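When we follow the working numbering, the leftmost residue of the sequence shown carries the number 151, and every step to the right adds one.
Where is the CB? At the ideal position from N, CA and C, for every residue including glycine.
These numbers come from a predicted model, not from an experiment.
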Amino acid sequence: MEIDELTHTTKYVESELTRRLKSIEEELDCDVITCIHPISQPMDDLIRDYIEDIQDKRKKLLVIIETNGGSIETAERIADVFRYHYPDEVNFLVPNYAMSAGTVLVMSGDNIYMDYYSILGPIDPQVRNRDGQFVPALGYLEKYDELMKRSSKGSLLSAELAFLIQKFDPAQIHRFEQARDHSVDLLKKWLVQYKFKNWAVTETSRKPVSGKMREARASGIAKKLNDTKRWRSHGRGLSMDVLKGDLNLLIENFGANPELNRKVRSYYRLLQDHMTGIGVTVALQTRERFVAM
């Protein structure tokens with residue numbers, strides 16, 4: 151394929167993506183930003199630029215998100231950008247997956263849209279270790295606690311002791327504990343402030359819901375999502391049914407709305423095909439701008 155033809159094809163596909171994104175906006179009467187990327191810098195800076203460039207903003211924002219997770223601090227900055235420009239309502243739609251810090255970010259929404267195929271994950275933020283690699287904080291802390299308990303009982307092998315000394319240091323452990331606790335605190339705050347703000351009466355007894363009841367529900371969800379033994383894996387996918395049944399979390403099933411489902415699937419399939427065709431894994435789009443890298 152000639153360069154000019156390739157450029158023309160790329161522009162045509164991106165123009166069609168914008169048309170389909172606008173169709174979702176019209177269906178839900180909102181602005182849409184699509185975020186397919188790790189939650190790490192400089193994505194927070196790019197998202198700020200993209201949100202600021204949206205002209206004639208509506209009152210609501212829909213975030214179509216796909217991410218393996220990343221930094222909880224970056225997730226917080228992204229959520230702050232969304233709320234600064236859309237204080238009335240921010241919703242999240244997960245066509246495929248949003249894991250780890252992505253799950254925490256999704257919990258900052260007023261509404262969460264999923265279908266039978268969508269998954270969230272345990273809240274296990276990624277933190278750089280002293281070798282500069284991102285590692286799951288909870289898995290790291292769990293292994294450290296296991297070795298420390300065995301050490302206190304005198305059952306640690308010499309090789310394991312050497313591993314403990316070589317791989318773990320107090321400053322790093324402290325950073326990982328802070329990341330874990332910050333994730334839980336953010337999730338609880340956002341659930342109470344946004345997701346539960348219209349929860350007025352209990353589902354069964356129809357009793358008035360107090361602030362303490364909202365906080366207790368949020369704490370219970372945070373505790374379950376932070377329980378590595380419950381889910382057994384950092385990468386465990388939690389479906390809409392699990393979130394609704396095990397966590398008692400209200401999820402909007404976009405798959406049950408035929409017209410919305412058609413528009414979302416049409417847009418998302420074309421975006422996936424386009425990203426695969428040009429060999430990229432990161433994409434950011436509003437009706438004003440598109441970037442893939």
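Nearest-angstrom Cβ-Cβ length linking residue i and residue j, presumed shorter than 8 angstroms
i    : j    : result
R437 : K172 : 5 angstroms
R169 : S416 : 10 angstroms between Cβ atoms; not a contact.
D181 : I215 : Contact doesn't hold; Cβ gap of about 14 angstroms is too wide.
G405 : Y266 : 6 angstroms
L212 : L255 : Wrong, their Cβ atoms sit about 14 angstroms apart, outside the cutoff.
Length of the line joining the Cα atoms of residue i and residue j
i    : j    : result
V414 : E166 : 13 angstroms
I197 : H235 : 12 angstroms
L311 : R325 : Any reading at L311 must be qualified, since the residue scores a pLDDT of 48, below 50, and its modelled position is unreliable; the value itself is stated next. Each residue's alpha carbon lies about 22 angstroms from the other.
G458 : Y162 : The displayed coordinates of the chain run from 151 to 443. Any statement about residue 458 would go beyond what the structure contains.
I222 : R419 : 29 angstroms
I269 : K357 : 31 angstroms
D391 : V244 : 14 angstroms
F440 : V240 : 20 angstroms
F346 : F242 : 15 angstroms
Y344 : N398 : 16 angstroms
D206 : E176 : 14 angstroms
I315 : H187 : With a pLDDT of 48 at I315, under the threshold of 50, the predicted position of this residue should be treated as unreliable, and no value is reported.
I262 : N403 : 9 angstroms
N411 : M425 : 21 angstroms
M151 : N407 : No answer about M151 holds up, because its pLDDT of 46 lies below 50 and its placement is not dependable.
L341 : R386 : 22 angstroms
I228 : D260 : 15 angstroms
M249 : R364 : 24 angstroms
I153 : T253 : Its pLDDT being 48, under 50, I153 is placed unreliably in this model, and the value from its coordinates should be taken loosely. Computed Cα separation, rounded: 40 angstroms.
A366 : P237 : 24 angstroms
V351 : V359 : 5 angstroms
G427 : K338 : 40 angstroms
P442 : A251 : Before going on, a small fix: residue 442 reads as Ala here, not Pro. Going from the Cα of A442 to the Cα of A251 covers about 22 angstroms.
D199 : Q328 : 29 angstroms
I174 : E202 : 20 angstroms
L400 : T431 : 30 angstroms
CB of residue i within 9 angstroms of CB of residue j, strictly
i    : j    : result
A433 : T184 : yes
S389 : M264 : yes
T224 : S258 : no
P336 : E164 : Checking the sequence shown, residue 336 turns out to be Leu, not Pro. No, the pair does not count as a contact, with Cβ atoms beyond the cut-off.
G271 : G219 : yes
I273 : S355 : no
Residue i, DSSP secondary structure in three states
i    : result
K347 : coil
E438 : coil
L400 : coil
P358 : strand
D181 : strand
M257 : coil
E353 : coil
P240 : Sequence check: residue 240 is Val here, not Pro. If DSSP states are grouped into helix, strand and coil, V240 belongs with the strands.
I262 : strand
L314 : Any answer about L314 is weak, because its pLDDT of 49 lies below 50 and its placement is not dependable; what the coordinates show is given next. In the structure shown, L314 sits in a helix (DSSP, three-state: H, G or I).
Y247 : strand
G429 : coil
K379 : helix
S221 : coil
I204 : coil
I189 : strand
K210 : strand
I228 : helix
S389 : strand
I215 : strand
I269 : strand
N407 : coil
M363 : helix
Short CB-CB distance (under 9 angstroms) between residue i and chain B
i    : result
L375 : Here there is only one protein chain, and chain B is not present.
At least 3 beta-carbon pairs within less than 8 angstroms: the segment 362–378 vs the segment 215–234: no
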